[in-house]
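Novice: Protein chains in written order, with our numbering: chain U, 1 to 236; chain H, 1 to 335; chain F, 1 to 446. All C-beta atoms in this analysis are idealised placements derived from N, C-alpha and C, irrespective of residue type, glycine included. Every value quoted in this text rests on a predicted model; they were computed, and no experiment measured them.
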Amino acid sequence: MASPYLSATDMRGGYGKADILNGCTLTVDKGQIAVIVGPNGAGKSTAMKAVFGMLNLREGRVTLGGEDITALTPQERVRKGMGFVPQTHNIFPTMTVEENLEMGAYIREDDYRDTMAQVYELFPAVADKRRQNAGELSGGQRQQVAVGRALMTRPSLLMLDEPTAGVSPIVMDELFDRIIEVARTGISILMVEQNARQALEIADVGYVLVQGANRYTDSGSALLADPEVRRTFLGG
Amino acid sequence: MDILNALVAILNFVVIPAASYGAQLALGALGVTLIYGILRFSNFAHGDTMAFGTALVILVTWGLQAIGISLGPLPTALLALPIGIALCAVFVLATDRVVYRFYRRKRSDPIILVMASVGVMFIMNGLTRMTPKIGVNEVRFDDGARFLISVQEFKAWTGLNEGLALRVSQALTLVVTALACWALFRFLNRSRAGKAMRAYSDNEDLALLSGIDPERVVRLTWIIATALAVTAGTLYGLDKSFKAFNYFQILLPIFAAAIVGGLGNPLGAVAGGFIVAFSEVAVTYPWKKIAAYLGFQSDGMLQLLSTEYKFAVSFVILIVVLLFRPTGLFRGKSV
Amino acid sequence: MSHTRQAEASNPWRAPLLFLVLAVLFVLEGSFRSALFSGSWNTALGILNMGLISAIMVLGVNMQWGYAGLFNAGVVGFLALGGLAPVLVSTAPVAGAWAAGGPRVILALAVGLGTLALAALAWRRIAGPLRVVAMIAVLVAGFVLYRYLFDPAVAAIEANNSAAAGNIGGLGWTVLLSWPVGALFAAAAAWGVGKVALGLRSDYLAIATLGIGEIIVAVMRNEEWLARGVKNMSGIPRPVPYELDLQSDPGFVAKAAEWGMDPGTASGIWVKLMYAGLFGAVLLALILLAELALKSPWGRMMRAIRDNETAAEAMGKHVTRRHLQIFVIGSAVIGLAGAMMVTLDGLLSPNSFNPLRYTFLIWVMVIVGGSGNNWGAVLGAVLIWFLWIKAEVWGPELMRLITLPLPEGAFRSHMLGGAPHMRFIALGLVLLLVLRFAPRGLVPEK
Numbered sequence: 001m002a003s004p005y006l007s008a009t010d011m012r013g014g015y016g017k018a019d020i021l022n023g024c025t026l027t028v029d030k031g032q033i034a035v036i037v038g039p040n041g042a043g044k045s046t047a048m049k050a051v052f053g054m055l056n057l058r059e060g061r062v063t064l065g066g067e068d069i070t071a072l073t074p075q076e077r078v079r080k081g082m083g084f085v086p087q088t089h090n091i092f093p094t095m096t097v098e099e100n101l102e103m104g105a106y107i108r109e110d111d112y113r114d115t116m117a118q119v120y121e122l123f124p125a126v127a128d129k130r131r132q133n134a135g136e137l138s139g140g141q142r143q144q145v146a147v148g149r150a151l152m153t154r155p156s157l158l159m160l161d162e163p164t165a166g167v168s169p170i171v172m173d174e175l176f177d178r179i180i181e182v183a184r185t186g187i188s189i190l191m192v193e194q195n196a197r198q199a200l201e202i203a204d205v206g207y208v209l210v211q212g213a214n215r216y217t218d219s220g221s222a223l224l225a226d227p228e229v230r231r232t233f234l235g236g
Numbered sequence: 001m002d003i004l005n006a007l008v009a010i011l012n013f014v015v016i017p018a019a020s021y022g023a024q025l026a027l028g029a030l031g032v033t034l035i036y037g038i039l040r041f042s043n044f045a046h047g048d049t050m051a052f053g054t055a056l057v058i059l060v061t062w063g064l065q066a067i068g069i070s071l072g073p074l075p076t077a078l079l080a081l082p083i084g085i086a087l088c089a090v091f092v093l094a095t096d097r098v099v100y101r102f103y104r105r106k107r108s109d110p111i112i113l114v115m116a117s118v119g120v121m122f123i124m125n126g127l128t129r130m131t132p133k134i135g136v137n138e139v140r141f142d143d144g145a146r147f148l149i150s151v152q153e154f155k156a157w158t159g160l161n162e163g164l165a166l167r168v169s170q171a172l173t174l175v176v177t178a179l180a181c182w183a184l185f186r187f188l189n190r191s192r193a194g195k196a197m198r199a200y201s202d203n204e205d206l207a208l209l210s211g212i213d214p215e216r217v218v219r220l221t222w223i224i225a226t227a228l229a230v231t232a233g234t235l236y237g238l239d240k241s242f243k244a245f246n247y248f249q250i251l252l253p254i255f256a257a258a259i260v261g262g263l264g265n266p267l268g269a270v271a272g273g274f275i276v277a278f279s280e281v282a283v284t285y286p287w288k289k290i291a292a293y294l295g296f297q298s299d300g301m302l303q304l305l306s307t308e309y310k311f312a313v314s315f316v317i318l319i320v321v322l323l324f325r326p327t328g329l330f331r332g333k334s335v
Numbered sequence: 001m002s003h004t005r006q007a008e009a010s011n012p013w014r015a016p017l018l019f020l021v022l023a024v025l026f027v028l029e030g031s032f033r034s035a036l037f038s039g040s041w042n043t044a045l046g047i048l049n050m051g052l053i054s055a056i057m058v059l060g061v062n063m064q065w066g067y068a069g070l071f072n073a074g075v076v077g078f079l080a081l082g083g084l085a086p087v088l089v090s091t092a093p094v095a096g097a098w099a100a101g102g103p104r105v106i107l108a109l110a111v112g113l114g115t116l117a118l119a120a121l122a123w124r125r126i127a128g129p130l131r132v133v134a135m136i137a138v139l140v141a142g143f144v145l146y147r148y149l150f151d152p153a154v155a156a157i158e159a160n161n162s163a164a165a166g167n168i169g170g171l172g173w174t175v176l177l178s179w180p181v182g183a184l185f186a187a188a189a190a191w192g193v194g195k196v197a198l199g200l201r202s203d204y205l206a207i208a209t210l211g212i213g214e215i216i217v218a219v220m221r222n223e224e225w226l227a228r229g230v231k232n233m234s235g236i237p238r239p240v241p242y243e244l245d246l247q248s249d250p251g252f253v254a255k256a257a258e259w260g261m262d263p264g265t266a267s268g269i270w271v272k273l274m275y276a277g278l279f280g281a282v283l284l285a286l287i288l289l290a291e292l293a294l295k296s297p298w299g300r301m302m303r304a305i306r307d308n309e310t311a312a313e314a315m316g317k318h319v320t321r322r323h324l325q326i327f328v329i330g331s332a333v334i335g336l337a338g339a340m341m342v343t344l345d346g347l348l349s350p351n352s353f354n355p356l357r358y359t360f361l362i363w364v365m366v367i368v369g370g371s372g373n374n375w376g377a378v379l380g381a382v383l384i385w386f387l388w389i390k391a392e393v394w395g396p397e398l399m400r401l402i403t404l405p406l407p408e409g410a411f412r413s414h415m416l417g418g419a420p421h422m423r424f425i426a427l428g429l430v431l432l433l434v435l436r437f438a439p440r441g442l443v444p445e446k
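1. Report the neighbours of Gln303(H) on chain F: residues whose CB is nearer than 8 Å to its CB, in chain order.
2. Run through DSSP, which three-state label would Ser2(F) get?
3. If the cut is a Cβ gap below 8 Å, which residues of chain H does Ile107(U) touch?
4. With a threshold of 8 Å between beta-carbons, can Ala7(F) be considered close to chain H, or not?
5. Residues of chain H with CB under 7 Å from Leu431(F), in chain order?
6. Can you tell me whether DSSP reads Ala213(U) as helix, strand or coil?
7. Evaluate the contact criterion for the segment 416 to 431 of chain F versus the segment 121 to 134 of chain H: three or more CB pairs, one atom per stretch, below 8 Å.
8. Along chain U, in chain order, which residues have C-beta atoms closer than 7 Å to that of Asn12(H)?
9. Going along the chain, which residues of the segment 178 to 196 of chain F sit with their C-beta nearer than 7 Å to a C-beta in chain H?
10. Decide if the segment 24 to 44 of chain H is in contact with the segment 228 to 238 of chain H; the criterion is three or more beta carbon pairs, one per stretch, under 8 Å apart.
11. Please report whether the beta-carbon of Phe233(U) lies at a distance below 8 Å from any beta-carbon of chain H.
12. Could you pull out every residue in the same chain whose Cβ sits closer than 8 Å to the Cβ of Val260(H), ignoring the five residues on either side in sequence?
13. For Gln152(H), is the classification buried or exposed, using 16 other Cβ atoms within 10 angstroms of its Cβ as the cut-off for buried?
14. Determine, using beta carbons only, whether Ala271(H) comes closer than 8 Å to chain F.
15. Can you pull the DSSP bridge partners for Asn49(F)?
16. What residues in its chain sit with their C-beta under 8 Å from that of Glu98(U), if we drop five residues either side in the sequence?
17. List, in order along the chain, the chain H residues whose C-beta lies closer than 8 Å to that of Phe360(F)?
18. For a cutoff of 8 Å on Cβ pairs, would you count Ser191(H) as touching chain F?
19. So is Met103(U) in contact with chain H if we call contact Cβ pairs under 8 Å?
20. Candidates Thr70(U), Gln118(U), Glu59(U), Thr25(U): which alpha carbon is nearest Lys80(U)'s?
21. Looking only at DSSP bridge pairs, what is Pro93(F) linked to?
22. If we ignore side chains and look at the alpha-carbon of each, how far apart do Thr243(F) and Lys272(F) end up?
23. Can you confirm whether Gln249(H), when its beta carbon is compared against all beta carbons of chain F, has any partner nearer than 8 Å?
24. Quick check on Phe44(H): does DSSP put it in helix, strand or coil?
25. Kindly give me the distance between the Cβ atoms of Val35(U) and Gly220(U), rounded to whole angstroms, as I take these residues to be in contact under 8 Å.
26. On the DSSP bridge list, what partners appear for Ile189(U)?
27. For the segment 300 to 355 of chain F, list the alpha helix (DSSP H) runs that are entirely contained and at least 4 residues long, ordered along the chain.
28. Just the C-alpha distance for Pro110(H) and Arg216(H), rounded to the nearest angstrom, thanks.
29. How big is the Cα-Cα spacing for Leu52(F) and Ala377(F)?
30. From the DSSP secondary-structure annotation, give me the bridge partner or partners of Ser7(U).
31. Tell me which residue opens and which closes the alpha helix (DSSP H) that Phe437(F) is part of.
32. Any Cβ of chain H within less than 8 Å of the Cβ of Asn90(U)?
33. Arg216(H) versus chain U: which residues are under 9 Å apart at the beta carbon?
34. By DSSP, does Leu263(H) sit in helix, in strand, or in coil?
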């Protein structure tokens, strides 16, 4: 079996002296949706930030498409094909939607109008508001802008840190539909989610993290079916 | 006829002086607000940057005059301005490299950067004071024609009692400010580098993620702020006169203008400059004569505040905004 | 003090050593006549006295910055306000001034303050769109009434013996009493500014205080009825004897001869020593109070707030209210220093209140001394004051050396002429260097 597209193995590290990650492994294949769930303080967001290079790892290795990127900064990882949507402060509020997307494409030297058209196609709701300041949009639309901004570099791996935090259930379903659509174009998705049940429903792979380490790893549907996981993490 | 006289008097004593003063404040406040938006601190050295840059412009002006170059009816200083801006920008960039960058990298508290700007202020102040032939003196460096419209001409044309004067320096201030604002807003809204500046001001972390080079943005900000400051200082000096201490004092109305408009918001800074200037002039102008034209005779001067208290006007505006709308009229950054 | 000893746990000799260096500098200034030092004890003590007053100012600023992280950019204003107190409290009453318009001025000022209070009340009590209208109506009516009362009264007072007086005059009380009054004046102004600007982001206080500083100085300059404005107020009474009286006192002249000094020099030194004793006592008392306060529960809370505002807020501490307290107290100390300074000079000259000298130079002292440390504040103040005074002399000396190879001419004389201003550059460099390489100052807090 070929090694997976993204592979982050045995990650250990944290922000200060104490480690938050204690041997966490995450892998995503091309076009797969991988979801990280787990209780509060399990290190879900930290694990994703470690994959993105926002955290110094004491141990462990991150490879993307077979290339070792463990030593690279987040900016360099963006150039290697990673796209990251932070949980909060993920847009430029006083800039228009269109300018947000342009800033997403800042590192691109080529013509990015096609990509922008694709993003607008994916999110028709924000396409209508391209001249409006992103800060004036609704919560769900802001998230769409944030995802759109990250897509502008044409990433091969898109990472989303709790994209549905603070949006209504309807908007959440809509957003998940879009994410599935993105994955269908061949982009791998790695996502941290609070709404574990709904997220696992669309997940090809699910990781249940506890205290910075993998507790359960399986396909989304298998995890949903596992009575142990259901009882402990999905509230029955 | 009296109504016309009153209007001309208002135009002559209130509108024209306030508009040119407001334009000068607006340019200064734009610099303050840009630095605030990008570097996230209130630059106390801004007034002294204006003074230092203007002193350089004056020196270059004298140099040009000495070799017989002039601009005819326009002041030679206009020709010296780009050179003065370039020299001053080199100095300011050096201060960023030596002083501010260290704290930026450490992500120090903004107040530490403010404190560092006080140190830079001292040094620039000392350098201005030591500049040969300028120092702490009052210097006039305007040459060329003085008036676009003179009082006598105006009276002869219109037959009104009240005269109206438009000095070249005032007209120049308005024209240059309009051009500078047009260029700046075009740059910020249209160009890639300008958008990168706005993005960095909006959300620093996301800008970094998007691959925007922070050092480049910061350098660009210093250069633009310096260009605006030196332009403002030169126009102010042409309009009134150059005296280093006055440039330190103008810091207060400039800060007031930037805060009124919302710190970090360029459009607000321009509006704030005019709000502060018009309030200052309107409050300190004796309205007796104009009231008389309109049929109100008064024994008093009808002056709300004596001119010595013009800074109180900026202060009161500042306080009112802080009390009722701390983020400014145009919603700047609150943190 | 134990607090200080704790502070220098890493190097217990640092502070004493620095104080020793300072002492040596003063001894050199007093006794060693050369290009660099005056060799006059009168000059040395003169510098020391102003240094001690600066130390009190720095103590005040240091309370605001070191205990609470507040940047007061209007030190000059609070200082000037404190300096008003000796004039109003201790100069002799001016004949006819009070009768000319005293009560009316007081009434006018009361109306002015009442207007502000009423406007604030209107804003708070009235709801709906009427609110703004009511507030503006109160302000306009109050302003008209204020000017109606104020202008004629001021004109009358200023017309009263305008050549020699023209001011409202003092109460003729002892000058020492004016010191706490000066502190009160500054505290009142600080309360007003703090009420508005505290609780917002930190630069706003800096800018608001910068404004109030300039306005207070403008008031002192222009309100001639108050303290003669730019005509200056001289002859402020002293808490110590006059040199001339000492020189005509046979007992003192005999003493001076015993010490081997001429009466002129001896009287100068004696007076300055008395001032030094007085200022030193006030300084020590303030440090003692500050140290006691810092060790009290109140002080522990202040430090907790400074170290982590968010956490302190979460624990139910009213951060803004505490900041207002410390801001008022610190400003009161600055006002006290202002009253002491005017007493020392015997002169109130509003034109001399320059923000570079009295706001930002004080800040250099605070940063150099080390924020939060009272002994550091004293060291920073006296050291920087000494350097500031001497740099005016040393600058040209240095420039003479630098320009020695240059031919005599316009450029060299320009450089020599500008040399006294080198001290601004030097002090700016000191501030930046300390901020960068010793951010906690020469005598850091533990």
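Specialist: Taking the coordinates as given:
1. Going along chain F, no residue has its Cβ under 8 Å from Gln303(H), so there is no contact; the nearest lies around 10 Å.
2. Because Ser2(F) sits at a pLDDT of 36, beneath the cut-off of 50, its placement in the model cannot be relied upon, and the following sentence gives the value as read from the coordinates. Taken through DSSP and simplified to helix, strand or coil, Ser2(F) comes out as helix.
3. Per Cβ cutoff of 8 Å: Ser210, Gly211.
4. Note that Ala7(F) scores a pLDDT of 41, beneath 50, so its modelled location is shaky; the value from the coordinates is reported in the next line. No, no contact with chain H.
5. Here the neighbours are Val118, Gly119, Phe122.
6. In this structure, DSSP gives Ala213(U) an extended state, which the three-state scheme calls strand.
7. Taking 8 Å as the limit for Cβ pairs, the verdict is that the segment 121 to 134 of chain H does touch the segment 416 to 431 of chain F.
8. Correct list: empty, because the minimum Cβ distance to chain U is about 39 Å.
9. The segment 178 to 196 of chain F vs chain H, Cβ under 7 Å: Val196.
10. Counting Cβ pairs under 8 Å, three or more are found: they touch.
11. Cβ-Cβ to chain H under 8 Å: no for Phe233(U).
12. Hits under 8 Å: Gly268, Ala271, Gly272, Ile275, Val276, Ile317, Leu318, Val321, Gly328, Leu329.
13. Answer is exposed; the Cβ neighbour count stays below 16.
14. By this cut-off, Ala271(H) is not an interface position.
15. Per DSSP, none; premise fails for Asn49(F).
16. These residues qualify, in order along the chain: Met116, Arg130, Arg131.
17. Per Cβ cutoff of 8 Å: Val118, Met121, Phe122.
18. No, Ser191(H) does not count as interfacial toward chain F.
19. Answer yes: the Cβ-Cβ gap between Met103(U) and chain H drops below 8 Å somewhere.
20. Lys80(U) has its Cα closest to that of Thr70(U), out of Thr70(U), Gln118(U), Glu59(U), Thr25(U).
21. Gly169(F).
22. The amino acid occupying residue 243(F) in the given sequence is Glu; Thr does not appear at that position. Distance between the alpha carbons of Glu243(F) and Lys272(F): 10 Å.
23. When Cβ-Cβ separations below 8 Å define contact, Gln249(H) makes contact with chain F.
24. In the structure shown, Phe44(H) falls within a coil segment according to DSSP collapsed to helix, strand and coil.
25. Rounded, the Cβ-Cβ distance is 7 Å, consistent with contact.
26. For Ile189(U), which the question treats as bridged, DSSP gives the partners Ile33(U), Leu158(U).
27. For the segment 300 to 355 of chain F, whole alpha helix (DSSP H) runs of length 4 or above, ordered along the chain, are 309 to 314, 319 to 345.
28. Each residue's CA atom was taken as its position, placing Pro110(H) and Arg216(H) some 20 Å apart.
29. Going by the C-alpha atoms only, they are around 10 Å apart.
30. Per DSSP, Thr27(U), Thr63(U).
31. DSSP places Phe437(F) in the uninterrupted alpha helix (DSSP H) bounded by 422 to 437.
32. Cβ-Cβ to chain H under 8 Å: yes for Asn90(U).
33. Within 9 Å Cβ-Cβ: nothing; Arg216(H) doesn't reach chain U, min ~12 Å.
34. In the displayed model, Leu263(H) falls within coil according to three-state DSSP, outside both helix and strand.
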